[in-house]
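Student:
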Amino acid sequence: MQLERTENGFQIDAVILAPLLGVAPEEVQRLIREGQISTLCEEGRDEDEGRHRLTFRHRATRVRLTVTDTGEVLSRTRTTVAPHPDARLDRAEEV
Numbered sequence: 035m036q037l038e039r040t041e042n043g044f045q046i047d048a049v050i051l052a053p054l055l056g057v058a059p060e061e062v063q064r065l066i067r068e069g070q071i072s073t074l075c076e077e078g079r080d081e082d083e084g085r086h087r088l089t090f091r092h093r094a095t096r097v098r099l100t101v102t103d104t105g106e107v108l109s110r111t112r113t114t115v116a117p118h119p120d121a122r123l124d125r126a127e128e129v
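Just so you know, we're using our numbering here: the sequence shown kicks off at 35 and counts up by one.
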């Protein structure tokens with residue numbers, strides 16, 4: 035698995051991410067916009083220099099990818115966690 039490096043971090047194809055989070059690929063963008071999928075990109079320091087940890091959360095699922103500067107995926111984990119207390123589950127706020 036290879037991710038694309040952008041000037042703002044990394045880009046992952048919805049076709050790859052969706053099954054890891056248990057959603058359909060066509061739902062990924064909407065769920066991110068609605069705050070139902072959260073993302074975090076962390077940059078490695080010291081012995082982890084040149085590596086990045088990407089975390090994606092949806093409901094009780096957390097996916098973590100460890101990638102190189104070039105986007106090569108070194109490891110992948112999928113864990114069941116307690117839903118984030120701020121998660122807006124099954125609803126979108128209208129503004």
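We put the CB at the ideal spot given by N, CA and C, even for glycine.
What residue does the alpha helix (DSSP H) around Gln63 start on, and which one ends it?
Tutor: Counting along the chain, the alpha helix (DSSP H) containing Gln63 begins and ends at Val62 to Arg67.
Student: Could you say which of His86, Asp80 and Arg93 lies nearest to Gln70 if we only look at CA atoms?
Tutor: Answer by Cα proximity: Arg93.
Student: Helix, strand or coil for Glu81? Go by DSSP, reduced to three states.
Tutor: It is helical.
Student: Which residue's Cα is closest to the Cα of Thr95: Arg85, Met35, Gly84 and Pro53?
Tutor: Looking at the Cα atoms, Pro53 is the closest of the given residues.
Student: Using 8 Å as the cut-off, can you tell me whether the segment 58-68 makes contact with the segment 76-88, which would need three or more C-beta pairs spanning the two stretches below that distance?
Tutor: No, the segment 58-68 does not touch the segment 76-88.
Student: Please go through the same chain and pick out, in chain order, the residues whose beta-carbon is closer than 7 Å to the beta-carbon of Thr114, but skip the five residues on each side of it.
Tutor: Answer for Thr114: Ala94 and Thr95, listed in chain order.
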